[in-house]
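*Asks:* The structure is given below, and queries will be raised subsequently.
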Amino acid sequence: MVRFLVKFKKTVTANNFSLVSILLVMLLLTTIPDSSVAQNPVDTLLSKLKMPIADSAKVDVYADLAWELSRSNQEKALEYAFLGLNLAEKISYKKGNCSCLYRIAVLYFQLGEYDNSLGYYKRTLDISQEIGLQRREAYSLMGMGMVYFQRGDYKKSLDYYMQSKKICKAIGDNYGVSYSLSNMAGVYYEQGDYGKSIKNNFDGVAIREKIGDSLGIAYSFANIGEAFYRMEKFDSALHYNNIAIDYFNLLGDKKGVSDCYSTIAHTYQKMKKYDNAYRFYNQSLKIRDSLGFRKETVDSHVSLGKYFLEVGKPNNAKEHFEIAYQDGNRLNLKRTIQSAAKGLSQISEQEGNYELALKYHKVYKAMGDSLWDDDKTRAIARIEMQNALEELNVENEIEKALKEAEYQKNIEQQNYWMAFFIVVLFLLLVLVAVLVIAGRIKQKINIKLASQKREIELHSNNLNKKNEELEQLNATKNKLFSIIAHDLKNPLNSLIGFSKLLLDHYDKISSEKRLDFIQRIYNSATHTNDLLNNLLQWARSQTNSIKPKPEKIGLQSLLSDVLLPLKPIADNKSIKIMLEIRPEKYVFCDRNMFFVVFNNLITNAIKFSKRNDKITITETDDENFCVVSVADNGIGMTEEQIANMFDINKAVYTSGTDKEQGTGLGLIICMEFIRLNNGKIKIKSKPDKGSEFLISLPLFA
């Protein structure tokens, strides 16, 4: 499995083939150092504390020690971070205060204590905004997004990532922008929106290519492969993991290569290509073993054990599970022990050795309980340590108060009159304090009243908005009934009338007349069917029952499919359709929705073009969009017609140049489908000069 070289305290097993790579992309941001001092070894930093340095410099050293130890000893790192925080608050050193708060937030996140982490991220954010530390502000927002992601509140998580991205972009921090995009991709991935996840990762790759972040590119491609795996597009999953491997090989990162091999092995196992899966599991194991990565090597043995169980080779599985079980115990890897014990219990049960199966099952259960106890114990230890520091501060304050009291007593003994003036001054201060408190209480009451007034106004505005929406819905309902009453009634009357004539006077009507009646019945039925289809599609779009499924679409292929059934209609009016689309042009949208969009637009162009006219379909690029133009030189439209075109309550239905009938809903449906696919539409038209519809579609990166 692909992972960044970051220690995530809440360990994730090698077989949890889900979002680990994306989560660890986010964790990388929590450990980005913000000073060159962070590269100094722990001994050098400790020696600085023994020197006569200013308190502000001592705070910086405590913060740097917390950073340096965050990779190896989070307990000690927290201790130094809190020491720095207490000293920074004592001397009112806000920048140092901000650094220590940020370190504590990161450490609590690494320890899985998300409530504490969120609290310290918020305090960091407040101070960084107060003193103008924009980079710290951006990473604090990103950290808060990570906490909400862990809690499953993806909406808040995405909002904080977007805020962080905006700040990083404003200050030119391209690294921050690229990792914000990766984090946003993680949210979309977890929500099952793999298309947006892939797009954000590709956007991140584009930025990382500009700044030369090859390692980030490698992991982005690995995450893209992960998303394709979840979409069960295994060929794409393998393709992007292989691209990641090429980058890792160029960088000499054997660890990354071995993790990609493990991912590919899992993919082949899902595809039931067991020979390939076994080959890549073995290659991953050899690299990890040669590099001395003991934990990752044990993970490979667990994966091979599960693989052999699936292919029905329990003896081979047993061999790997036993290695994992022994090494896991030596390294105290509780989750590995748990997985290996579970596999050995299953194999022992298959062999009929129920006593041994029970033994391993007990180990499996005990490891689960122990992991739970460890998490609980760490949380209690953090609280106890923080309480101890707070008690120490209280003791210092008490000692300070006693010294001040003794000093006051000496002064009273030396000079009675001085004591008298102090008492008078104290009474005056009390009076001032009472007045200040009264003023503050009044201010709070005024603030509360103002807040309540704003809430009432907001509630009133919401009610007004709801009333407007209800009025709009009622008007839309009336318009729909009008369409149904008028546009359905007329063709149905025609159907009934002409079919009645045929039924009652079939033998008396000439063949030519019968054929004319049948043609009229067919035209009425076709018009009615079109109207019903448009009504159905529009109604579904309004009730959100249509969900776009964007994918990579060849634009030329899509438009060719749309034109195929429309060509006979155009030929009937001697209208020439020019399709000028490059074969290599690809867009990212829902194919079915845009089939409907282009079908409506080209049908309208034919309908409102005169005989022997020409319709031209072209495309151009505009940043991240492809702009498709459907232009005709037909009867055109007025500005009023354009303004009312997408409003069902104001739309006017116009017959075509050959008296073709329309439902009036086609363009309204087009607008809705374009909006659902993050596209845009623009119209240029003048009466008797023709019309041009410009559709902007997201390009496939």
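By the count of this note's numbering, the sequence shown reaches residue 1066 at its end, each step adding exactly one.
Here a beta-carbon is modelled for each residue, glycine too, at the ideal position from N, C-alpha and C.
Bear in mind that the values here come from a model prediction, so they are computed numbers and not experimental data.
(1) For a test of the three-state rule: what should DSSP assign to K979, helix, strand or coil?
(2) Taking the continuous alpha helix (DSSP H) assigned at S1050, which residues delimit it?
(3) With a CB to CB cut of under 6 Å and the five nearest residues on each side skipped, what residues in its chain are close to S974?
(4) Given a threshold of 16 other Cβ atoms within 10 Å of its Cβ, counted over all protein chains shown, does S875 qualify as buried or as exposed?
(5) State the start and end residues of the unbroken beta strand (DSSP E) segment that holds A996.
(6) Which residue marks the beginning of the beta strand (DSSP E) containing Y951, and which one marks its end?
(7) Since I believe D926 is in contact with F960 (beta carbons under 8 Å), could you give me their beta-carbon distance rounded to a whole number of angstroms?
(8) Which stretch, first to last residue, makes up the beta strand (DSSP E) that contains L1055?
(9) Measure from the alpha carbon of A503 to the alpha carbon of each residue in C954, Y486, R516, then state which is nearest.
(10) Once you ignore the five residues that flank K950 on each side, which residues in its own chain have a CB closer than 8 Å to its CB?
(11) Over the uninterrupted beta strand (DSSP E) stretch that includes E916, give me the two end residues.
(12) What number of angstroms, rounded off, separates the C-alpha of F1058 from the C-alpha of D955?
(13) If the criterion is Cβ atoms closer than 9 Å, does the pair S493 and C463 meet it?
(14) For R468 and W432, which I take to be in contact (beta-carbon distance under 8 Å), what is that distance rounded to the nearest angstrom?
(15) Distance check for A1066 and S1056, CA to CA, integer angstroms please.
(16) Can you find the residues in the same chain that come closer than 8 Å, C-beta to C-beta, to N606, ignoring five residues on each side of it along the sequence?
(17) Please list the segments of the alpha helix (DSSP H) lying wholly inside the segment 473-527, counting only runs of 4 or more residues, in order along the chain.
(18) Under a Cβ-count criterion, where at least 16 other Cβ atoms within 10 Å of its own Cβ denotes burial, should P915 be classed as buried or exposed?
(19) How many Å lie between M391 and G693 at the Cα?
(20) Can you give me the C-alpha to C-alpha distance between S386 and Y584, rounded to a whole angstrom?
(21) Would the beta-carbon of I967 fall within 9 Å of that of I942?
(22) Leaving out five residues before and five after S1061 in sequence, what residues of the same chain have Cβ atoms less than 7 Å from its Cβ?
(23) Is it buried or exposed for H824, if we count other Cβ within 10 angstroms and need 16 for buried?
(24) Looking at C-alpha atoms only, which residue of I806, V424, N566, N969 is the closest neighbour of D1023?
(25) How long is the line joining the alpha carbons of L923 and K730, rounded to whole angstroms?
(26) What does DSSP give as the partner residues of D558 in its beta bridges?
(27) Would you give the residue range spanned by the alpha helix (DSSP H) that K455 belongs to?
(28) Please list the segments of the beta strand (DSSP E) lying wholly inside the segment 597-662, counting only runs of 3 or more residues, in order along the chain.
(29) So G541 and S529 are in contact, right, with Cβ under 8 Å, and what is the actual spacing, rounded?
(30) Hey, Y311 and L669: beta-carbon distance below 9 Å or not?
(31) Note down the Cα distance separating K1049 from I971, rounded to an integer number of angstroms.
(32) Give the C-beta separation of L867 and R885 to the nearest angstrom, bearing in mind that I take them to be a contact with Cβ-Cβ under 8 Å.
(33) Which same chain residues end up closer than 6 Å to A446 when comparing Cβ atoms and leaving out the 5 residues on each side of it in sequence?
(34) Alpha carbon to alpha carbon, how far is I980 from L546?
(35) Determine which residues share a DSSP beta bridge with I942 and list them.
(36) Pairing CB atoms from the segment 473-483 with CB atoms from the segment 506-517, are three or more of them under 8 Å?
*Replies:* This is what the structure gives:
(1) DSSP places K979 in strand when its eight states are reduced to three.
(2) It is not in any alpha helix (DSSP H) - S1050 instead sits in the beta strand (DSSP E) that spans 1045-1051.
(3) I940, D997, G999
(4) exposed
(5) 990-997
(6) That run of the beta strand (DSSP E) goes 951-954.
(7) 7 Å
(8) At residue 1055 the sequence reads Gly, which differs from the Leu that was named. Element bounds for G1055: 1055-1063.
(9) Y486
(10) G919, L920, Q921, E984, C991
(11) 916-919
(12) 19 Å
(13) Less than 9 Å divides the Cβ of S493 from the Cβ of C463.
(14) Between W432 and R468 the Cβ distance is about 6 Å, and since that is below 8 Å, they are a contact.
(15) 31 Å
(16) V367, F586, A587, G590, C625, T628, I629, T632
(17) 479-496, 499-516
(18) Buried, because 16 or more other Cβ atoms sit within 10 Å of the Cβ of P915.
(19) With a pLDDT of 42 at M391, under the threshold of 50, the modelled position of that residue is not reliable, and no figure is offered here.
(20) Confidence at S386 is low in this model, with a pLDDT of 40, below 50, so the placement of that residue is unreliable and no value is reported for it.
(21) yes
(22) Beyond the five residues adjoining it in sequence on each side, S1061 comes within less than 7 Å, by CB distance, of D987, F990, V992, G1044, K1045 in the same chain, given in chain order.
(23) Exposed, since its Cβ has fewer than 16 Cβ neighbours within 10 Å.
(24) N969
(25) 56 Å
(26) According to DSSP, D558 shares a beta bridge with no other residue.
(27) Where K455 is concerned, the enclosing alpha helix (DSSP H) starts and stops at 439-455.
(28) none
(29) 7 Å
(30) The structure shown has nothing for residue 311, since the chain only spans 366 to 1066.
(31) 17 Å
(32) Not really, about 10 Å apart at Cβ, beyond 8 Å.
(33) A431, C465, R468, I469
(34) 41 Å
(35) I980
(36) With a cut-off of 8 Å, the segment 506-517 and the segment 473-483 count as touching, because enough Cβ pairs lie within range.
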